[in-house]
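Novice: Following this message is one structure expressed as structure tokens.
In the numbering used here, the protein residues as written are 87 to 652.
Here it is as structure tokens:
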């Protein structure tokens, strides 16, 4: 009996020690994971800011720098050696070139004022003294040269910060400004350090640590209480019947295993819920949760930043609050039908901010449902307004003359094909006009190319004034222009437009260099009389233009019936 009692106390003591040790190990691992999570969040924030800055610098470098108005906050860069660093526009506006390094400093000042984030471009061989690396940055730069991709550190102190740094590598665009320093493509020329205030992440870390301490203490107390209860029950049974001790020990082992499984399940649930909450609150994309009726249930901070609406302004209200006038009711109806059928939908949607500004997002919606929970819809919104604007600007530049902003030869050819197709389909007629400036070269030779460009811009303005809104006027190159007059009812109508063009271009041009006079010659071909396709029409118009140039000039001529030229 005495041996049984000794064994009774020894085994619970061992189990208690195991549970205590397991709780201690779990607490240590969880404590370490909390620090690792804080470090990972800091690294992701730093990497995102660096990548955004790197893309901005690359865009600037590919364009050879950008010009901005000179101001007290943006004076000329004394460290930029460029023959066109400072220019003055025709209206007297002083502009200075902002290269990638200067743009980085400007962005750094804005970031520090807005978010307290410090961005510092640096190098072991800086051109600008202020770009010299501090001790931490110099160490990071040397580590980059040995192959390290990035560095993230936590710097404690009175104002604790996280510091992130990644290298800047030489690209082909960089050599425009740094070739004289002996850099080669792919070589590391420096880096950008991101210094971020750590108070918020430290507060989150401390809160997680407190939760971890409370949870593990509670787990330890529960386990200890259960073990003590089991010991008492086992002892009473052993006093009554010693042979039941073996069975009770098995019961203890089984219940301890059940507790371990339950504790593991609780830990996973807690970790999953905390991770989901962290992702939801810190995601860069706007996240929206709605009910089956399309009413807001939950939104994250990125949504408020994007839309201008605070959470309390939208919760419980329909998502139609964000609708713009860019989509019809059929568009939204089709969206919901697909969402109900496939449980997901994605595409581009024009929305409206609280201030009335319209913006475009890439919207992705998924339907989620948990057992015993009401059905919800989760949507992520990514603002792509700026990329759409850049896409439209690039498309405009590709199809328009940079000097006059008229359609260029490529766009003109496309509109000529469309005009032929529509005229054939509806049985209509239109006129193709080739316009060539007379005496343009002497103006260019005497007054210079700037005066010639000014003359071409004014010519384009006068040509637009002579045309209807539906007509097309284009610059084909040099002093050559072309026009498409659609839906013309008679030759007289074409002759009136041509006469107006000849008269307007014969009026003197008041240029900055002085008053000049030119004239123009116009060759006109009618569809379908002088050609059934683009090539034939252009050949006819060109031939009659040549005839005008060879004869009187300062005139127009329509291709004669059944022929080309005259």
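By construction, the Cβ of each residue, glycine as well, lies at the ideal position given by its N, Cα and C atoms.
1) Tell whether a beta-carbon distance below 8 Å holds between residue 610 and residue 568.
2) Would you kindly work out how many angstroms separate the C-alpha atoms of residue 526 and residue 444, rounded to a whole number?
3) Please name the residue in 604, 596, 152, 99 whose C-alpha comes closest to that of residue 315.
4) Helix, strand or coil: which one does DSSP assign to residue 99?
5) Considering only residues of the region 200 to 277, which uninterrupted beta strand (DSSP E) runs meet the minimum length of 3 residues and lie entirely inside it, listed in chain order?
6) Considering only the alpha carbon of each residue, which of 426, 133, 392, 432 lies closest to residue 203?
7) Measuring only the C-alpha atoms, how far is residue 160 from residue 516?
8) Does the beta-carbon of residue 621 have 16 or more other beta-carbons within 10 angstroms, so that it is buried, or is it exposed?
9) Return the Cβ separation of residue 294 and residue 120 in integer angstroms, given the expectation that the two are a contact with Cβ distance under 8 Å.
10) From 180, 169, 174, pick the residue whose C-alpha is nearest to that of residue 158; which is it?
11) Can you give, in chain order, each stretch of the beta strand (DSSP E) that sits fully within the region 505 to 564 and has at least 3 residues?
12) How is residue 314 classed by DSSP in three states: helix, strand or coil?
13) How is residue 413 classed by DSSP in three states: helix, strand or coil?
14) Would you tell me roughly how many angstroms separate the C-alpha atoms of residue 277 and residue 185, rounded to the nearest one?
15) For residue 610, list the residues DSSP reports as bridge partners.
16) Within the same chain, show all residues whose beta-carbon is closer than 7 Å to that of residue 454, passing over the 5 residues directly before and after it, in chain order.
17) What residues in its chain sit with their C-beta under 6 Å from that of residue 301, if we drop five residues either side in the sequence?
18) Since residue 282 sits in a beta bridge, which residues does DSSP pair it with?
19) Identify the continuous beta strand (DSSP E) that holds residue 387 and give its terminal residues.
20) What beta strand (DSSP E) runs, 3 residues minimum, are completely inside the region 119 to 196?
21) Tell me the DSSP secondary structure of residue 605 in three-state form.
22) Leaving out five residues before and five after residue 645 in sequence, what residues of the same chain have Cβ atoms less than 6 Å from its Cβ?
23) Please look up how many angstroms separate the CB atoms of residue 546 and residue 490, rounded, as I've assumed it's under 8 Å.
24) According to the neighbour-count rule (16 or more other Cβ atoms, all chains shown, within 10 Å of its Cβ), is residue 131 buried or exposed?
25) Determine the burial state of residue 250: buried for a count of at least 16 other Cβ atoms within 10 Å of its Cβ, exposed for fewer.
26) How long is the line joining the alpha carbons of residue 187 and residue 207, rounded to whole angstroms?
27) Mapping DSSP to helix, strand and coil, what is residue 401?
28) Please determine if the region 423 to 439 and the region 400 to 415 are in contact, where contact requires at least 3 C-beta pairs separated by less than 8 Å.
29) Inspect the beta-carbon positions of residue 518 and residue 570 and report whether they are closer than 8 Å.
30) Note down the Cα distance separating residue 652 from residue 633, rounded to an integer number of angstroms.
31) In or out: residue 607 buried (at least 16 other Cβ within 10 Å) or exposed?
32) State buried or exposed for residue 139, treating a residue as buried only when at least 16 other CB atoms are found within 10 Å of its CB.
33) Expressed to the nearest angstrom, what Euclidean distance is found between the alpha-carbon atoms of residue 306 and residue 281?
34) At what residues does the alpha helix (DSSP H) containing residue 434 begin and finish?
35) Among 333, 450, 373, 618, which one has its Cα closest to the Cα of residue 422?
36) Is there contact between the region 475 to 491 and the region 580 to 599, where contact requires at least three CB pairs shorter than 8 Å?
Specialist: Taking the definition as stated:
1) To locate residue 610, count along the chain shown from 1; it is residue 524. To locate residue 568, count along the chain shown from 1; it is residue 482. It is not a contact, given that the beta carbons lie outside the stated cut-off.
2) Translated into positions along the chain shown, residue 526 becomes position 440. Translated into positions along the chain shown, residue 444 becomes position 358. Their backbone Cα atoms lie some 45 Å apart in a straight line.
3) Stepping through the chain shown from its first residue, residue 315 is reached at position 229. With distances taken between Cα atoms, residue 315 lies closest to 99.
4) Within the chain shown, the letter at position 13 stands for residue 99. Looking at residue 99 - three-state DSSP - the assignment turns out to be helix.
5) 204 to 208, 237 to 241, 247 to 255
6) Against the chain shown, residue 203 aligns to sequence position 117. Of 426, 133, 392, 432, the residue nearest in Cα terms is 133.
7) The residue labelled residue 160 in the question sits at position 74 within the chain shown. The residue labelled residue 516 in the question sits at position 430 within the chain shown. Residue 160 and residue 516: Cα-Cα distance of roughly 53 Å.
8) Against the chain shown, residue 621 aligns to sequence position 535. Under this definition residue 621 is an exposed residue.
9) On the chain shown, residue 294 is found 208 positions in, with the first residue counted as 1. On the chain shown, residue 120 is found 34 positions in, with the first residue counted as 1. Indeed they touch by this definition, with Cβ atoms about 5 Å apart.
10) In the chain shown, the residue the question calls residue 158 occupies position 72. Measuring from the Cα of residue 158, the nearest candidate turns out to be 180.
11) 516 to 524, 558 to 563
12) The residue given as residue 314 occupies position 228 in the chain shown. Note: residue 314 maps to helix in three-state DSSP.
13) Here the question's residue 413 lines up with position 327 in the chain shown. DSSP places residue 413 in coil when its eight states are reduced to three.
14) Residue numbering aside, residue 277 sits at position 191 when the chain shown is read from its first letter. Residue numbering aside, residue 185 sits at position 99 when the chain shown is read from its first letter. Near 16 Å, if we compare the C-alpha coordinates of residue 185 and residue 277.
15) The sequence position of residue 610 within the chain shown is 524, counting from 1. According to DSSP, which records beta bridges pairwise, residue 610 is partnered with 519, 644.
16) As a position in the chain shown, residue 454 is number 368, starting the count at 1. Contacts found: 462, 464.
17) For the purposes of this step, residue 301 is taken as residue 215 along the chain shown, with counting starting at 1. Counting only Cβ-Cβ distances below 6 Å, and skipping sequence neighbours, we find nothing.
18) Counted from its first residue, the chain shown places residue 282 at position 196. Note: residue 282 sits in a beta bridge opposite 248.
19) One-based indexing of the chain shown puts residue 387 at position 301. Note, residue 387: premise wrong, no beta strand (DSSP E); alpha helix (DSSP H) at 387 to 393.
20) 152 to 155, 172 to 174, 180 to 184
21) Residue mapping note: residue 605 aligns to position 519 of the chain shown, counting from 1. Residue 605 falls in the strand class under three-state DSSP.
22) By 1-based counting over the chain shown, the position of residue 645 is 559. The answer, listed in chain order, is 611, 616, 626, 630.
23) Taking the first residue of the chain shown as position 1, residue 546 is located at position 460. Taking the first residue of the chain shown as position 1, residue 490 is located at position 404. The pair is a contact, with the Cβ atoms about 4 Å apart (cut-off 8 Å).
24) Along the chain shown, read from residue 1 onward, the residue named residue 131 stands at position 45. Answer is buried; the Cβ neighbour count reaches 16.
25) Here the question's residue 250 lines up with position 164 in the chain shown. It is buried - the Cβ of residue 250 has at least 16 other Cβ atoms within 10 Å.
26) Counted from its first residue, the chain shown places residue 187 at position 101. Counted from its first residue, the chain shown places residue 207 at position 121. Using only the alpha carbons, I get a separation of about 7 Å.
27) Working through the chain shown from its first residue, we reach residue 401 at position 315. Coil at residue 401, not helix or strand.
28) yes
29) Against the chain shown, residue 518 aligns to sequence position 432. Against the chain shown, residue 570 aligns to sequence position 484. Note that the C-beta distance between residue 518 and residue 570 is below 8 Å.
30) Taking the chain shown and counting its residues from 1, one reaches residue 652 at position 566. Taking the chain shown and counting its residues from 1, one reaches residue 633 at position 547. With a pLDDT of 44 at residue 652, under the threshold of 50, the modelled position of this residue cannot be trusted; read the value that follows with caution. Those two C-alpha atoms are separated by around 6 Å.
31) As a first step, residue 607 must be located in the chain shown, where it is residue number 521. By the beta-carbon neighbour count (other beta carbons within 10 angstroms, threshold 16), residue 607 is buried.
32) Counting from one through the chain shown, the residue named residue 139 turns up at place 53. Classification for residue 139: buried.
33) By one-based count along the chain shown, residue 306 stands at place 220. By one-based count along the chain shown, residue 281 stands at place 195. If I take the Cα positions, the gap works out to 40 Å.
34) By one-based count along the chain shown, residue 434 stands at place 348. First-last for residue 434: 430 to 438, but that is the beta strand (DSSP E), not the alpha helix (DSSP H).
35) Locating residue 422 in the chain shown gives position 336, where the first residue counts as 1. When each option's Cα is compared against that of residue 422, the closest is 450.
36) Contact fails: fewer than three Cβ-Cβ distances are below 8 Å.
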